[in-house]
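Presented below is the structure to which this report refers.
The structure is reproduced here in structure tokens:
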């Protein structure tokens with residue numbers, strides 16, 4: 341029996357599940373994170389992935405680090421005194437570095453210098469987000485930890501919580517500091533394993549990244565808000581005029597079609613971003629849920645912060661998406677009604693035209709019959725005259741007068757002419 345053959349993607353698909361492991365991280369450590377998004381249209385898949393790889397290679401060459409395969413979508417390895425984790429996603433790429441040299445100055449901008457300034461200037465895209473995460477051993481005194489958090493973060497925005505049943509205390513204010521980075525802090529007890537710490541760090545950075553990506557949908561919603569409101573009013577006005585019959589149905593239909601074209605263009609431009617926003621929001625919710633937060637010293641957790649600050653923005657996006665769907669449905673229904681009204685009016689016009697044509701045809705028939713009668717008379721007159729000329733010699737032989745002979749042949753000639761004309765008309769019809 342021939343050996344069973346494998347699907348060509350079997351090993352690749354299985355390997356994908358294990359291709360992006362969590363890094364092993366120990367405290368103390370500083371984590372620098374950078375997410376880059378190209379300015380191209382992700383919906384059209386016109387992103388230059390080769391440029392992303394070239395940029396990664398340039399960074400690795402700067403540190404003399406090993407290079408990845410040219411088709412790789414992820415990378416993890418040593419890079420000088422640091423370790424680098426690189427991931428390529430549908431719309432963006434991320435760089436995460438891990439270093440053990442903590443600056444004495446918390447969230448020192450110099451800690452981000454792991455990414456050379458010349459390399460940053462050559463970035464094939466725009467910075468989506470950048471973060472510094474400070475990983476520290478958990479102090480014995482909670483008050484010391486609270487004092488540090490108050491110094492590092494804006495108090496009114498601070499979110500902090502125990503995560504994974506006390507495996508760490510994580511904190512952030514989700515703001516951008518003067519150096520241009522968001523800040524995260526994590527305090528871990530000695531009992532927390534390095535792989536678990538790696539999972540916590542990755543989830544924190546994913547929350548920041550996918551939160552930012554999903555907020556692109558909110559920015560788009562604010563951008564198109566005025567245009568959508570204008571189109572909504574136009575549709576309402578046209579439907580009101582349609583009900584009041586203030587415009588001819590054809591004019592109303594043409595105006596409505598113009599608005600519908602503009603509306604469908606907006607829907608086409610926003611559908612990819614709104615679908616992405618929904619997917620990214622789901623990841624944010626999933627990552628926060630995976631942290632299994634517990635309240636820390638009465639502070640709001642990440643989930644509570646997102647519920648108060650992030651969820652309203654996402655509800656605005658959902659509301660706009662549904663509004664566009666409702667507007668499209670309204671425009672479609674109105675177009676159908678107007679087309680029906682236009683069709684009814686055209687049918688009435690066609691009926692009127694047909695009735696007019698029937699009247700003209702009847703008039704033509706009457707005229708034809710009148711002409712036909714006159715034709716019989718005229719033809720008969722000339723036929724009788726011709727017959728008379730032919731029969732006058734016979735009248736002299738028989739002694740019949742010309743008038744009597746003419747009278748005798750008139751009726752037969754008329755009947756013959758009438759019959760011939762009738763047969764000709766039937767043949768034509």
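Numbering (this note's numbering), first residue to last: 341 to 769.
Virtual Cβ for every residue (Gly too), placed ideally from N, Cα, C.
The model shown is predicted, which means the values in this text are computed figures rather than measured ones.
Can you name, in chain order, every residue of its own chain whose Cβ lies under 7 Å from the Cβ of residue i, other than the five neighbours on each side?
i	result
residue 685	589
residue 715	761
residue 543	627, 630 and 631
residue 464	378, 388, 391, 392 and 395
residue 637	482 and 486
residue 607	664 and 668
residue 538	362, 363, 364 and 365
residue 722	none
residue 358	none
residue 341	Its pLDDT being 49, under 50, residue 341 is placed unreliably in this model, and the value from its coordinates should be taken loosely. There are no such residues.
residue 595	578
What first and last residue would you give for the alpha helix (DSSP H) that runs through residue i?
i	result
residue 621	589 to 631
residue 403	389 to 403
residue 516	Run containing residue 516: none in the alpha helix (DSSP H); it sits in the beta strand (DSSP E), 508 to 516.
residue 568	534 to 584
residue 352	350 to 356
residue 482	482 to 492
residue 643	642 to 645
Measure from the alpha carbon of residue i to the alpha carbon of each residue in the options, then state which is nearest.
i	options	result
residue 650	352, 547, 469 and 433	547
residue 498	515, 504 and 423	515
residue 528	678, 601, 474 and 604	474
residue 541	343, 710 and 508	508
residue 476	511, 639 and 718	511
residue 601	575, 585 and 449	575
residue 522	616, 452, 568 and 571	452
residue 445	370, 572, 693 and 679	370
residue 599	374, 432 and 569	569
residue 553	430, 706 and 419	430
residue 766	750, 708, 747 and 751	708
residue 414	423, 434 and 717	434
residue 442	558, 520, 367 and 513	367
residue 447	457, 490 and 525	525
residue 301	564, 455 and 500	A query on residue 301 cannot be resolved here, the shown segment of the chain reaching from 341 to 769 and no further.
At which residues does the beta strand (DSSP E) containing residue i begin and terminate?
i	result
residue 528	522 to 528
residue 370	369 to 377
Which residues in the same chain as residue i place their Cβ atom closer than 8 Å to its Cβ, once the five residues preceding and following it in sequence are excluded?
i	result
residue 410	393
residue 579	670 and 674
residue 623	546 and 550
residue 556	613, 616 and 617
residue 703	none
residue 502	508, 509, 633, 634, 635 and 636
residue 604	668
residue 306	Shown here, the chain extends from 341 to 769; a query on residue 306 therefore has no answer.
residue 494	513 and 515
Spell out the partners DSSP gives residue i in its beta bridges.
i	result
residue 502	509 and 634
residue 475	369 and 526
residue 470	374
residue 639	636
Within 9 Å (strictly less), CB to CB, does residue i reach chain E?
i	result
residue 750	Looking at the structure shown, chain E is missing, and only one protein chain is on hand.
Quick one: what's got a C-beta closer than 6 Å to residue i's C-beta in the same chain, skipping five residues either side?
i	result
residue 373	436, 471 and 545
residue 375	432, 434, 468, 469 and 549
residue 504	632
residue 403	419 and 420
Ordered list of beta strand (DSSP E) runs contained in the region 415 to 468, each at least 3 residues
422 to 428 and 432 to 439
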